[in-house]
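> Supplied in structure tokens, the structure appears directly below.
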Amino acid sequence: MSPRQNDPAISDDTVLWRAIPNSHICRGDDGTERSESWAFLSDDSEVSAWIATETDIQTLRARFPNSRIAEFTAGEAREYGNIVARDPVEGDASHVVICPTSGKPAKRIRKDARRLASKARLLP
Amino acid sequence: MGEKDMSYAVLEPIRPQLQKPAQSQWGRVTSLFAAPWVLEALDRIAGLARLPRNWDGYGSPQIDTRAIAAARRFVASVAFDSLPFPHIAPVLGGSVGLHWRCGDRELEFTFQPDGAVEFLKVMGPDLDREESMEEGTLRRETETAGLKLLLWMVGTR
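If you're matching them up, the sequences are chains W and P in order. Numbered according to the working numbering, the first sequence spans residues 1 to 124. Numbered according to the working numbering, the second sequence spans residues 1001 to 1157.
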């Protein structure tokens, strides 16, 4: 499979949603919640997300029943060494994948997952 | 000497170490049963085995029994009172995750089915600083190496 290419048509301010398993949400001492870094890692280095304006949150919630929805922007994903590419699956054109940029050192992947997890906002 | 007696003879040198730790850098290490969080943590980790395939909705496999066993061994080996309860989570690839936080220091461990343990140290709230995080993989003597990391987190190293 050829490497994914960043899609410049997905602007940096495009809002993305990712379903986060409840087990990947931790609480700080002050009670604030955030995603664990594991929520932004994938075995195949392709992390699924959906373009918010092209899907609806109820559909996503129904598909991932034991999860919360985390919101972040394509720009935030790119800021941490990723590309954002469309990946329509099963007729769902809103699906995108977030992948490490070409040549990104493996040791940075986990750190950047932690950074993106901190930036992502968990929706109520 | 029967088989039972042999077993006792092997275990004997270990028991005093668990019941009365030496007064050294390991002085914070206490009995397995003295740290109240340990038994619950062991149960929760064991419970990850009941998760079905695709527990995350992204097609992840069931949690591997070897990863569960490794995580439980590790928790049992770091049973000291000053350690807070870890966040315990299933992780993609059949792995087990443990996340500890102590002030502005954090430690994430990912126990993989092949025996490797990945760790991520987080130092301070400003994650954009390159030096704010350190990652690595423990492949040998993972319990000792992991304990040293935890001692760093609680501020004794």
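We treat Cβ as the ideally placed atom computed from N, Cα and C, and that holds for glycine. For clarity, every value in this text was computed on a predicted model and none was experimentally measured.
I believe glutamine 1062(P) touches glycine 1094(P) by the beta-carbon criterion, under 8 Å. Please report the beta-carbon distance rounded to the nearest angstrom.
For the purposes of this step, residue 1062(P) is taken as residue 62 along the second sequence, with counting starting at 1. For the purposes of this step, residue 1094(P) is taken as residue 94 along the second sequence, with counting starting at 1. Confirmed, Cβ separation roughly 6 Å.
> Got a sec? Which residues, its chain only, sit under 7 Å from valine 137(W) by beta carbon, not counting five neighbours each side?
Residue numbering for chain W in the displayed model covers 1 to 124; residue 137(W) lies beyond these limits and cannot be assessed.
> Between the alpha carbons of alanine 1070(P) and arginine 1139(P), how many angstroms are there, rounded?
Taking the first residue of the second sequence as 1, we reach residue 1070(P) at position 70. Taking the first residue of the second sequence as 1, we reach residue 1139(P) at position 139. Taking the straight line joining both Cα atoms gives about 12 Å.
> Quick one, which of Lys107(W), Pro105(W), Arg27(W) and Phe40(W) has its alpha-carbon nearest aspartate 1056(P)'s?
On the second sequence, position 56 is the one that residue 1056(P) refers to. Of Lys107(W), Pro105(W), Arg27(W) and Phe40(W), the residue nearest in Cα terms is Phe40(W).
> Contact criterion: CB-CB distance below 8 Å. Does histidine 24(W) meet it with respect to chain P?
What you label residue 24(W) is simply residue 24 of the first sequence in a count that begins at 1. At least one chain P Cβ lies under 8 Å of histidine 24(W).
> Helix, strand or coil for arginine 1072(P), going by three-state DSSP, please let me know.
Indexing the second sequence from 1 puts residue 1072(P) at position 72. Reduced to three states, the DSSP call for arginine 1072(P) is helix.
> Quick one, which of Ala1067(P), Phe1085(P), Gln1112(P) and Arg1053(P) has its alpha-carbon nearest valine 1154(P)'s?
Locating residue 1154(P) in the second sequence gives position 154, where the first residue counts as 1. Nearest option by C-alpha distance: Phe1085(P).
> Tell me the rounded alpha-carbon separation between proline 1060(P) and leucine 1120(P).
Within the second sequence, numbered from 1, the residue matching residue 1060(P) stands at position 60. Within the second sequence, numbered from 1, the residue matching residue 1120(P) stands at position 120. Before going on, a small fix: residue 1060(P) reads as serine here, not proline. Taking the straight line from one Cα to the other gives about 22 Å.
> Go to threonine 59(W), then tell me how far its alpha helix (DSSP H) extends in each direction, as first and last residue.
As a first step, residue 59(W) is located in the first sequence; it is residue number 59 there, counting from the start. Per DSSP, threonine 59(W) belongs to the alpha helix (DSSP H) from 57 to 63.
> Just checking my contact of glutamate 1040(P) with lysine 111(W) at CB under 8 Å: how many whole Å lie between their CB atoms?
The residue labelled residue 1040(P) in the question sits at position 40 within the second sequence. The residue labelled residue 111(W) in the question sits at position 111 within the first sequence. Contact doesn't hold; Cβ gap of about 30 Å is too wide.
> Hey, does glycine 1146(P) have any beta-carbon neighbour from chain W nearer than 8 Å?
As a first step, residue 1146(P) is located in the second sequence; it is residue number 146 there, counting from the start. Glycine 1146(P) does not count as touching chain W.
> In chain order, what residues of the same chain lie with their CB nearer than 8 Å to the CB of tryptophan 50(W), ignoring the 5 residues before and after it?
For the purposes of this step, residue 50(W) is identified with residue 50 of the first sequence, where counting begins at 1. Only Leu16, Trp17, Arg18, Leu60, Asp92, Ser94, His95 and Val96 meet the Cβ criterion.
> At what residues does the beta strand (DSSP E) containing leucine 994(P) begin and finish?
The question about residue 994(P) has no answer, for chain P in this structure spans 1001 to 1157.
> Of all Cβ atoms in chain W, is any one closer than 8 Å to the Cβ of aspartate 1056(P)?
What you label residue 1056(P) is simply residue 56 of the second sequence in a count that begins at 1. By this cut-off, aspartate 1056(P) is an interface position.
> Quick one: give me the first and last residue of the alpha helix (DSSP H) that arginine 114(W) is part of.
Along the first sequence, read from residue 1 onward, the residue named residue 114(W) stands at position 114. 106 to 119 is the extent of the alpha helix (DSSP H) around arginine 114(W).
> In its own chain, which residues sit with a C-beta less than 6 Å from the C-beta of arginine 86(W), not counting the 5 before and 5 after it?
Sequence index remark: in the first sequence, residue 86(W) carries index 86 (1-based). Only Asp7 and Val96 meet the Cβ criterion.
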